[in-house]
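Have a look at the structure below, then the notes.
Residue numbers (the numbering used here): 211 to 382.
Written out as structure tokens, the structure is:
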């Protein structure tokens, strides 16, 4: 089973680049559905994604229909209109690849997409002071919720030896 993040018509390159960095660090595949609100050019994305851009598996689709034709799996729609918090979703019971689908920064996901599976519309609980959290923050929260339910799959739970190593704090 694989975890995937899907951005439906993302508008802000900095958000997408930040999400690319999250995907690179968690081995999550990113799917981008056109139209994009920016050019998918490394010079626009590299500023936030830094030098992690080469470590991201991502695909671009011409439409939502194009995406669903090519990606069978279990779809979860992250929307402020959802009625279930992430903890009520049993991601560990998924039998197919998991797709976390996020909408545009300005308008979210269209109703016709959300209405297809209301039981899989997920909302991050929050008060009424704001409409929603930043897209990149929401993606990170949801990716780590799924990963947590799956015991973080093959991710390192300590600082890898290829970096500073798990005993770095003990060193003088």
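Cβ atoms here follow ideal geometry from the backbone N, Cα and C, with glycine treated the same way.
Check	Outcome
Tell me whether residue 340 is buried or exposed, calling it buried when 16 or more other Cβ atoms sit within 10 Å of its Cβ.	exposed
Relative to the C-alpha of residue 318, which residue among 268, 358 and 331 is closest?	331
Find out if the Cβ-Cβ distance for the pair residue 224, residue 243 is shorter than 8 angstroms.	no
How do the segment 349 to 360 and the segment 314 to 328 stand: do at least 3 beta-carbon pairs fall below 8 angstroms, yes or no?	no
Per DSSP, which residues does residue 214 bridge with? Please list them.	239 and 309
Could you pull the start and end residues of the alpha helix (DSSP H) that residue 266 belongs to?	No alpha helix (DSSP H) holds residue 266; DSSP gives it neither H nor E.
With 16 other CB atoms within 10 Å as the buried threshold, where does residue 328 fall?	exposed
Return yes when at least one heavy atom of the ligand ZN lies under 7 angstroms from the C-beta of residue 226, else no.	Of ligands this structure carries none, so the ligand ZN is not represented either.
Answer with buried or exposed for residue 241, where buried requires no fewer than 16 other C-beta atoms within 10 angstroms of its C-beta.	buried
Taking just the CA atoms, how far does residue 310 sit from residue 188?	Nothing about residue 188 can be reported from this structure: the residues present for the chain run from 211 to 382 only.
Any chance you could list the alpha helix (DSSP H) runs of at least 4 consecutive residues sitting entirely within the segment 299 to 367, in chain order?	321 to 324 and 345 to 359
As a quick exercise: from 285, 283 and 227, pick the residue whose alpha carbon is nearest that of residue 246.	227
For residue 288, report the span of its beta strand (DSSP E) as first-last.	284 to 288
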